[in-house]
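For the sequence shown, the numbering used here begins at 6 and goes up steadily by one.
Beta carbons are placed, not taken as given, at the ideal position from N, Cα and C, and that holds for glycine.
Since the model is a prediction, treat every value here as computed from it, not as a measurement.
What follows is a set of notes on a single structure, which appears directly below.
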Amino acid sequence: MTLTEQELLAKVPTKLYIGGKWVAGHADKPISVEDPATAKTLLEIENATAEDGLAALTAADEAQQAWAKTAPRERSEILRRTFELVRARSEEFAMLISMEMGKPLAEARGEVAYGNEFLRWFSEEAVRISGRYGSSPEGTGRMLVTQRPVGPAFAITPWNFPLAMATRKIGPAIAAGCTMVVKPAELTPLTTLLLVANLEEAGLPAGVVNVITTSTSSATSAPIISDPRLRKITFTGSTEVGVRLLEQSAKQVLRTSMELGGNAPFVVFEDADLDAAVAGAMLAKLRNIGQACTAANRFIVHEAVAEEFANRMAEQMSQMPLGRGLDPETKIGPVINQKARENLERLVKTTVSEGAAVITGGNSKDGAGYFFEPTVLMDVKPGSTILGEEIFGPIAPIVRFKTEQEAIDLANDTVYGLVSYAYTQDLKRGLRLVEQLDTGMTGLNTGLVSNAAAPFGGVKQSGLGREGGLEGISEYLETKYVMIPDPNN
Ligand code: NAD
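So this is what it looks like as structure tokens:
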């Protein structure tokens, strides 16, 4: 039975979760969590201070030794049980994600399926942490290599995928035997609180995962990062904040995983299957209302098909109803807040002043909520401001190219390197692109790359490390090598 919105909100914990207890925060004022489709408050929750942050780290530190010794199978089964609980309650999670973040319910269901998969995937990885044993080359010793949990980790997550960004970190940390402090984004903290209630129900011991919600991210996080008990920081968010956290982490030489901003090129060649390219473009641009690190940011289209590609995208985009995520008609939700919307208005204005034409959209929608029309900008000039920034909204700038080399150069002309998309039916060209596009991931004839079984992450200023796949758990493990004399002597 589906809950009403009020019944669902009544189930969401509103306190901090520290050492297995739901506790009040020490800040004077609560955090008011808003619905971006109505600009109204959904729920008020506790607000942590630096003191609360350190209490959470103390709880994580105290739980670390016992958790590292807990059998991998037990860690695995806690994750698996949580996966089953979230699956059984997937509609509740989807509703909550849609309410606090704004995405259409159908997309929120997709996020639940995707995000929950990290719990299942890492429940399977927990029992496969292995090492090796062998002879030293000269035969005089034996070399044993094992892996140990890094130690207490601090996870900071963004607002755009409230469930998936949390499970991508909590899953591997639990599997590896690390304890954690998790700080969700203040704009969308409710899903993480509900997730942790499910982890608790699944039997996660006190102190293994601790959650602090705060409106003072910097002041609450800094003392945790400079505390010698912390061994790892894992962050998903903007490059700007990531750089600041890397600077802070350097003082303690912390292990770091950084999933930062993107500026994905979407390259369409003259030999592409245009139906597939337009479908992929719609997905890569409009998923999450364009607010994804993997969102196609720059459409680089061969001049022979640019006009047709742009018109087809514009036609489809102009027919997508805007509305609140829970409304079944809605295809495009609001952007996250007024600041985000003003940024989109600025980008359209600037790009037009730099010579581009608006062929659909271009405006904010009047009324409550932070709605912005899906927009196609044609004939965007190389070097335009919009091509150098992460758009984070439903705007598709289209640039024309003539030669393959020109397309590759345009695609790589960014400080970011998270994901690229390329559409061509020529296999050799496709492989040349895969080899030359300077990104951690490429979608070849597809607009969607995310998968719990794949190593997600970027190069250049898009980050360090990988989440998911076989690689994901190693971000939470340290290699330990042991030398033993030859047992035959
Ligand atoms: P953000 O960098 O503003 O915030 C991310 C998190 O960091 C939030 O929890 C925020 O409260 C916290 N934070 C901000 N300043 C801080 C500070 N000084 N100290 C400690 N914590 C601080 O990013 P956002 O707006 O929440 O998310 C959007 C960004 O995230 C985009 O750049 C997007 O590309 C990126 N992102 C990347 C990935 C990826 O996997 N590469 C995935 C999703 C989002």
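Item, Value
"Proximity test, residue 163 beta-carbon vs the ligand NAD heavy atom, cut-off 7 Å", "yes"
"Cβ pair residue 340, residue 391 closer than 8 Å", "no"
"Span of the beta strand (DSSP E), counted from its first residue to its last, around residue 241", "237-241"
"Straight-line Cα distance separating residue 239 from residue 121", "19 Å"
"Residues near residue 431 by beta carbon distance below 8 Å, same chain, minus five either side", "274, 276"
"In DSSP terms, what residue 401 is bridged to", "381"
"Identity of the residue in 395, 255, 153, 204 nearest residue 18 by Cα", "204"
"Under the three-state DSSP convention, the category residue 481 falls into", "helix"
"Sheet register partners of residue 33 (DSSP bridge)", "Beta-bridge pairing links residue 33 to no other residue."
"Close-in-space but distant-in-sequence residues of the same chain around residue 462 (CB under 7 Å, 5 per side omitted)", "264, 445, 468, 470, 471, 472"
"Coarse secondary structure for residue 360, derived from DSSP in three states", "coil"
"Beta strand (DSSP E) segment containing residue 273, residue limits", "269-273"
"Same chain only: Cβ atoms within 7 Å of residue 60, ignoring 5 sequence neighbours per side", "23"
"Residue closest to residue 92, alpha-carbon to alpha-carbon, out of 71, 119, 75, 39", "119"
"Residue 94 (DSSP reduced to helix, strand or coil)", "coil"
"beta-carbon residue 323 near the ligand NAD non-hydrogen atom, thresh 7 Å", "no"
"Check: residue 261 C-beta below 7 Å from any heavy atom of the ligand NAD", "no"
"Extent of the continuous alpha helix (DSSP H) run through residue 123", "110-130"
"Beta-ladder partner(s) of residue 188, from DSSP", "161"
"Span separating the alpha-carbon of residue 193 from that of residue 409", "42 Å"
"Proximal residues to residue 243 (C-beta, below 7 Å), its chain only, five neighbours per side dropped", "265, 266"
"Contact test: residue 150 Cβ vs the ligand NAD heavy atom, cutoff 7 Å", "no"
"Short Cβ contact (8 Å threshold) for residue 260 with residue 234", "no"
"Burial state of residue 49, where buried means 16 or more other Cβ atoms lie within 10 Å", "exposed"
"Through-space distance from residue 181 to residue 308, alpha-carbon basis", "50 Å"
"Proximity winner among 460, 112, 290, 188, relative to residue 215 (alpha-carbon distances)", "188"
"Local conformation of residue 264 per DSSP, three classes", "strand"
"Opposing strand residues paired with residue 446 [DSSP bridges]", "424"
"Residue span of the alpha helix (DSSP H) that contains residue 417, given as start and end", "409-417"
"Other residues of its chain near residue 485: CB distance less than 8 Å, five sequence neighbours each side excluded", "150, 151, 152, 153"
"Beta-carbon proximity list for residue 270, same chain, < 6 Å, skipping 5 on both sides", "303, 305, 416, 425"
"Residue 77 versus residue 132 - alpha carbon distance", "5 Å"
"First through last residue of the beta strand (DSSP E) which encompasses residue 148", "146-154"
"Which of helix, strand or coil DSSP assigns to residue 292", "helix"
"Those residues which DSSP pairs with residue 40 across a bridge", "45"
"Cβ-based neighbour list, residue 488, same chain, cut-off 7 Å, excluding 5 preceding and 5 following", "146, 148"
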